[in-house]
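These notes are about the structure you will find just below.
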Amino acid sequence: QKEVEQNSGPLSVPEGAIASLNCTYSDRGSQSFFWYRQYSGKSPELIMSIYSNGDKEDGRFTAQLNKASQYVSLLIRDSQPSDSATYLCAVSGAGSYQLTFGKGTKLSVIP
Amino acid sequence: KAGVTQTPRYLIKTRGQQVTLSCSPISGHRSVSWYQQTPGQGLQFLFEYFSETQRNKGNFPGRFSGRQFSNSRSEMNVSTLELGDSALYLCASSLAGGAPYEQYFGPGTRLTVT
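Residue numbers (the working numbering), protein chains in the order written: chain A, 2 to 112; chain B, 3 to 116.
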């Protein structure tokens, strides 16, 4: 059974701080890793994808992948109240479009 | 480019009835996946279609079925509805044909079974 684990939170950070979200996965064959943001009552929105070990930066977001440790993280720099949402980690195997999701971490950015 | 569209957005059905949900992918996207989201179980994969063929199926009973048309539009059907089928049903589309494997979600259909 493939599993993706995330701390449910809530994670509270002050405005302007760095938010760090973590995710571990059980399937060593996983090849593709994604972070989605979901606002309450809305559908998930893709914010980052990462396929190889290391860091990938996009604006205020940095995804980090360590396949040996089966660990993927998302850093949000200069956090804004508009970043308050649930962040979902998703993983898929080689050549697969079947995503396995974690339960999500609820982030609250305090003004 | 228009995003993924899903219809209807909200649906109320009675136990035992059946329901059909529709999804139109982003233009040019050929893979369509369906997910069920509930507060208890989170997001769970139902199935994925590409070129009118189901390539992957999640761990759901046979009451859940789907299909894809030649224009990549997809439908999913749930027969003999149960109270536990109340959920947000999400459709996601991808370019397919290899990497990248990013999936983009539609707004979802909120199904309530009474």
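From the three backbone atoms N, C-alpha and C, an ideal C-beta is built for every residue, glycine too.
Exercise. Starting from Leu83/B, trace the beta strand (DSSP E) both ways and give me its first and last residue.
Key: Here residue 83/B is taken as the residue at index 81 of the second sequence, counted from 1. Premise fails: Leu83/B is in no beta strand (DSSP E) and is neither H nor E.
Exercise. Determine the extent of the beta strand (DSSP E) in which Phe49/B is found, giving its start and end residues.
Key: For this step, residue 49/B is matched to residue 47 along the second sequence. Where Phe49/B is concerned, the enclosing beta strand (DSSP E) stretches over 44 to 52.
Quiz item: Between Leu12/A and chain B, is there a C-beta pair that is closer than 8 Å?
Solution: Numbered from 1 along the first sequence, position 11 holds the residue referred to as residue 12/A. Not an interface residue.
Quiz prompt | Through-space distance from Phe52/B to Gly64/B, alpha-carbon basis | solution = Stepping through the second sequence from its first residue, residue 64/B is reached at position 62. Stepping through the second sequence from its first residue, residue 52/B is reached at position 50. In this structure, the alpha-carbon of Gly64/B lies about 20 Å from that of Phe52/B.
Practice problem: Could you check the C-alpha separation between Gln2/A and Gln99/A for me, to the nearest Å? | Solution: Counting from one through the first sequence, the residue named residue 2/A turns up at place 1. Counting from one through the first sequence, the residue named residue 99/A turns up at place 98. About 13 Å.
Quiz item: Looking only at its own chain, which residues have a Cβ that is under 6 Å from the Cβ of Thr114/B, when we skip the five neighbours before and after it?
Solution: As a first step, residue 114/B is located in the second sequence; it is residue number 112 there, counting from the start. Answer for Thr114/B: Ile14, Ser88, listed in chain order.
Quiz item: Would Phe107/B be called buried (16 or more neighbouring beta carbons within 10 Å of its own) or exposed?
Solution: Along the second sequence, one-based indexing puts residue 107/B at 105. Burial call: buried.
Quiz prompt | Cutoff 8 Å: Gly30/A Cβ touching any chain B Cβ | solution = Here the question's residue 30/A lines up with position 29 in the first sequence. By the rule that beta-carbons nearer than 8 Å mark a contact, Gly30/A does not touch chain B.
Self-check item: Interfacial residues, the segment 97 to 110 of chain A to chain B, with Cβ spacing under 8 Å
Solution: Within the segment 97 to 110 of chain A, the residues whose Cβ lies closer than 8 Å to some Cβ of chain B are Ser97, Tyr98, Gln99, Leu100, Thr101, Phe102, Gly103, Lys104, Gly105, listed in chain order.
Quiz item: So which residues on chain B does Leu75/A lean against when the C-beta distance must stay under 8 Å?
Solution: Here residue 75/A refers to the residue found at position 74 of the first sequence. Residues of chain B passing the Cβ test: none, with the nearest at roughly 15 Å.
Exercise. State the Cα-Cα distance for the pair Thr9/B and Asp79/A, rounded to the nearest angstrom.
Key: Within the second sequence, residue 9/B is the residue found at index 7, counting from 1. Within the first sequence, residue 79/A is the residue found at index 78, counting from 1. Cα to Cα, Thr9/B sits roughly 37 Å from Asp79/A.
Exercise. Taking only runs that begin and end inside the segment 5 to 84 of chain A, name each unbroken alpha helix (DSSP H) of 4 or more residues, in chain order.
Key: none
Quiz item: Between Val5/A and Gly103/A, is the Cβ-Cβ spacing less than 8 Å?
Solution: Taking the first sequence and counting its residues from 1, the one referred to as residue 5/A is at position 4. Taking the first sequence and counting its residues from 1, the one referred to as residue 103/A is at position 102. Yes.
Exercise. Identify the contact partners of Phe71/B in chain A, using a Cβ-Cβ distance below 9 Å as the criterion.
Key: Position 69 of the second sequence, counting from 1, holds the residue named residue 71/B. Chain A residues near Phe71/B: none, gap ~18 Å exceeds 9 Å.
Quiz item: Considering only C-alpha positions, which residue in the set Leu83/B, Pro109/B, Gly110/B, Met78/B is nearest to Gly18/B?
Solution: Taking the first residue of the second sequence as position 1, residue 18/B is located at position 16. Considering only alpha carbons, the answer is Leu83/B.
Quiz item: Glu50/B CB to nearest chain A CB: under 8 Å?
Solution: Taking the second sequence and counting its residues from 1, one reaches residue 50/B at position 48. It does; some Cβ of chain A falls within 8 Å.
Quiz prompt | Sequence-distant residues of its chain with Cβ nearer than 6 Å to Thr87/A (five each side left out) | solution = Here residue 87/A corresponds to residue number 86 of the first sequence, with the count starting at 1. Excluding sequence neighbours, Thr87/A sits near Gln39, Gly105, Lys107.
Self-check item: Given Ser44/A as reference, the closest of Glu77/B, Val21/B, Cys93/B once Cα atoms are compared
Solution: For the purposes of this step, residue 44/A is taken as the residue at position 43 of the first sequence. Checking every option, the nearest Cα to that of Ser44/A belongs to Cys93/B.
Self-check item: Beta-carbon neighbours of Ser44/A, restricted to chain B and to distances below 7 Å
Solution: Position 43 of the first sequence, counting from 1, holds the residue named residue 44/A. Those within 7 Å of Ser44/A in chain B are Leu92, Phe107, Gly108, Pro109, Gly110.
Self-check item: Candidates Arg61/A, Arg29/A, Pro112/A, Leu75/A: closest to Ile51/A by CA position
Solution: Counting from one through the first sequence, the residue named residue 51/A turns up at place 50. Of the residues Arg61/A, Arg29/A, Pro112/A, Leu75/A, the one whose Cα lies closest to the Cα of Ile51/A is Leu75/A.
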